[in-house]
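Going down the list, the protein sequences come from chains A and B.
Note that the numbering used here numbers the first sequence so that position 110 is 110, with each residue one more than the last.
Counting the second sequence from 1 gives a position; the numbering used here is that position plus 173.
Even for Gly, the Cβ is constructed at its ideal location relative to N, Cα and C.
If you're wondering where the values come from, they're calculated on a predicted model, not measured in any experiment.
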Amino acid sequence: MNVYSTESLDANVCTTDIGDDHADDTGVQVRSSSRCIDVAEASTSEPVDATLQNGHAESAAEETDCSIAEMPFEVLAEIFARLELKERCAASEVCRRWYAILTDGSAPLDDVVVINLFERGIWKGHVSDNAGSRIRCLALKHAEGLSSVLRHVRVTNSVKIWFKHADFARNML
Amino acid sequence: MIQLCSNDDPPVSFTVPRKAVELSKTIKTMLEDLEGFDMEQTPIPLPNVDAPTLELIVKWVEQHQDDPPPVEKPRVEDDDSDDSDADDDQEPEVVIPEWDKKFLPTDDEQKNQLFKLLNAANYLEIKPLLDIGCKYVADKISGQTVEWVRDYLNMENDYTPEEEAKLKEEIAWAEGL
Numbered sequence: 001m002n003v004y005s006t007e008s009l010d011a012n013v014c015t016t017d018i019g020d021d022h023a024d025d026t027g028v029q030v031r032s033s034s035r036c037i038d039v040a041e042a043s044t045s046e047p048v049d050a051t052l053q054n055g056h057a058e059s060a061a062e063e064t065d066c067s068i069a070e071m072p073f074e075v076l077a078e079i080f081a082r083l084e085l086k087e088r089c090a091a092s093e094v095c096r097r098w099y100a101i102l103t104d105g106s107a108p109l110d111d112v113v114v115i116n117l118f119e120r121g122i123w124k125g126h127v128s129d130n131a132g133s134r135i136r137c138l139a140l141k142h143a144e145g146l147s148s149v150l151r152h153v154r155v156t157n158s159v160k161i162w163f164k165h166a167d168f169a170r171n172m173l
Numbered sequence: 174m175i176q177l178c179s180n181d182d183p184p185v186s187f188t189v190p191r192k193a194v195e196l197s198k199t200i201k202t203m204l205e206d207l208e209g210f211d212m213e214q215t216p217i218p219l220p221n222v223d224a225p226t227l228e229l230i231v232k233w234v235e236q237h238q239d240d241p242p243p244v245e246k247p248r249v250e251d252d253d254s255d256d257s258d259a260d261d262d263q264e265p266e267v268v269i270p271e272w273d274k275k276f277l278p279t280d281d282e283q284k285n286q287l288f289k290l291l292n293a294a295n296y297l298e299i300k301p302l303l304d305i306g307c308k309y310v311a312d313k314i315s316g317q318t319v320e321w322v323r324d325y326l327n328m329e330n331d332y333t334p335e336e337e338a339k340l341k342e343e344i345a346w347a348e349g350l
């Protein structure tokens, strides 16, 4: 998290790296290799019919009830990746599983770079000058918002905070 | 031509051009791994996909078999060395093509079918199909109330009233966004 002050108070810059984990990648690899094994067995040793009747018929019948509640994590993550912060907050209210997926860093709110706190003037005077970069700016009126933002991003140092009041910085840090 | 079998009893099989079926990364990888076997003669069982869903998948891959392959973003190995390229790295906004809009099972009574299709697209690794489906659902739930989303997706509220109140408080600020 980078903290910027426009009043050049104690210009605290602290960088925290929560760690960019690649758990997803490994998960995918494991999964696809096991798929290959399934199929290889099916098509080489066993007759295909046997595999097909091997209990799948029942599960197919149950699956007619398919709901999004049983959606695999990857699909939900794909959906959540297309939501903005406000919508993500609403989605985290839907059920525990969604909250967990949205806030555990595996489906992060990417590229939030600047949060313009409290003062529109800061955005106007300082941040928008650096335009050209596709910065996602969130104007937060309340300090509580910041903790929610941090829950929804993968690494805290993708978030930059601009502030005007020394008290605010003290509270947050 | 490649034969795909649904998980029904008896299985329903679909014959699909190899080019179309290879839009599924899962099947493409499998076919490559089984080079040397006569895959034209060997139906491929798909234990996670039922017949109506497989029919939709087949329709979609046949329609899109001549699409130009999605541009794979070259993975920049050394991220820190060249920050100026960071902008080009952003995912382009997914736009659902007209044909796909009509194709997606979006009527209310077809919701289960839509979710099954997403599951199958995920399992078969058909990224463009997963993209448009997820885009559709994301657009659909955007800006809706929590109750509406639960209702639309047939989801249970598994929070206790206390937890719910606490969470509401926690994200109350987001109302003003």
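Per-residue burial, residue i [other beta carbons within 10 Å of its own, 16 or more giving buried]
i                    : result
aspartate 280(B)     : exposed
phenylalanine 80(A)  : buried
glutamine 286(B)     : buried
valine 94(A)         : buried
phenylalanine 187(B) : buried
valine 319(B)        : buried
tryptophan 346(B)    : buried
threonine 370(B)     : No answer is possible for residue 370(B): the residues shown for chain B start at 174 and end at 350.
methionine 174(B)    : exposed
lysine 341(B)        : exposed
alanine 107(A)       : buried
aspartate 156(B)     : For chain B, the structure presents residues 174 to 350; residue 156(B) sits outside this window and is missing.
glycine 145(A)       : buried
glutamate 87(A)      : buried
aspartate 21(A)      : At aspartate 21(A) the pLDDT is 39, less than 50, meaning the model places this residue with poor confidence and gives no usable figure here.
glutamate 335(B)     : exposed
glutamate 329(B)     : exposed
Beta-carbon proximity list for residue i, same chain, < 7 Å, skipping 5 on both sides
i                 : result
valine 30(A)      : Summary for valine 30(A): the model assigns pLDDT 30, below 50, so the residue's position carries little reliability, and this model does not support an answer.
tryptophan 233(B) : Phe276 and Leu302
leucine 83(A)     : Ala91
threonine 103(A)  : Ser92, Arg151 and His152
leucine 219(B)    : Leu177, Cys178, Ser179, Asn180 and Leu227
aspartate 273(B)  : Ile305
glutamate 208(B)  : none
glutamate 298(B)  : Ser197, Lys198 and Thr199
tryptophan 321(B) : none
methionine 212(B) : Ile175 and Leu204
valine 267(B)     : Asp304, Ile305 and Lys308
DSSP-derived helix/strand/coil call for residue i
i                 : result
valine 189(B)     : strand
leucine 177(B)    : strand
glutamate 205(B)  : helix
aspartate 261(B)  : Residue placement at aspartate 261(B) is flagged as unreliable, the pLDDT there being 44, under the threshold of 50; the coordinate-derived value follows with that caveat. Here aspartate 261(B) sits in helix by DSSP.
glutamine 236(B)  : helix
serine 148(A)     : helix
alanine 60(A)     : Confidence in alanine 60(A) is poor, its pLDDT being 38 and thus under 50, which makes the residue's placement unreliable; the coordinate value appears in the next sentence. Note: alanine 60(A) maps to helix in three-state DSSP.
serine 92(A)      : helix
glutamate 74(A)   : helix
glutamate 228(B)  : helix
threonine 103(A)  : helix
tyrosine 325(B)   : helix
proline 241(B)    : coil
threonine 279(B)  : coil
isoleucine 314(B) : helix
threonine 199(B)  : helix
glutamate 342(B)  : helix
tyrosine 332(B)   : coil
valine 194(B)     : helix
alanine 81(A)     : coil
glutamate 348(B)  : helix
isoleucine 305(B) : helix
Paired residues, beta bridge with residue i - DSSP
i                    : result
phenylalanine 210(B) : Glu208(B)
proline 218(B)       : Cys178(B)
Contacting residues, own chain, Cβ-Cβ under 6 Å from residue i (five flanking each side not counted)
i                 : result
proline 278(B)    : Gln286 and Leu287
glutamate 235(B)  : Ala193
leucine 76(A)     : Ile101
alanine 210(B)    : A small fix is needed here, since residue 210(B) is phenylalanine in this sequence, not alanine. Here the set comprises nothing.
isoleucine 344(B) : none
Neighbourhood of residue i by C-beta, 8 Å cutoff - its chain only, sequence neighbours within 5 removed
i                 : result
asparagine 221(B) : Asn180, Asn292, Ala293 and Tyr296
valine 310(B)     : Leu287 and Leu291
serine 148(A)     : Leu85 and Cys89
glutamine 238(B)  : Pro190, Lys192, Ala193 and Leu196
aspartate 223(B)  : Ser179, Asn180, Asp181 and Lys289
glutamate 70(A)   : none
Task: Cβ-based contacts, 9 Å cut-off: residues of the segment 86-106 of chain A near chain B - done: Lys86, Glu87, Arg88, Cys89, Ala90, Ala91, Ser92, Glu93, Val94, Cys95, Arg96, Arg97, Trp98 and Tyr99
Task: Interfacial residues, the segment 73-84 of chain A to chain B, with Cβ spacing under 7 Å - done: Here the close residues are Glu74, Val75, Glu78, Ile79, Arg82 and Leu83.
TODO: Select from the segment 203-231 of chain B all residues with a C-beta closer than 7 Å to any C-beta belonging to chain A, and list them in chain order.
DONE: Met203, Asp206, Leu207, Phe210, Thr215, Pro216, Ile217, Pro218, Pro220 and Asp223
- [ ] Using a Cβ-Cβ cut-off of less than 9 Å, list which residues of the segment 326-341 of chain B approach chain A; keep chain order.
- [x] Contacts with chain A (Cβ-Cβ distance below 9 Å) from the segment 326-341 of chain B involve Leu326, Asn327, Met328, Glu329, Asn330, Asp331, Tyr332, Glu336, Glu337, Leu340 and Lys341, listed in chain order.
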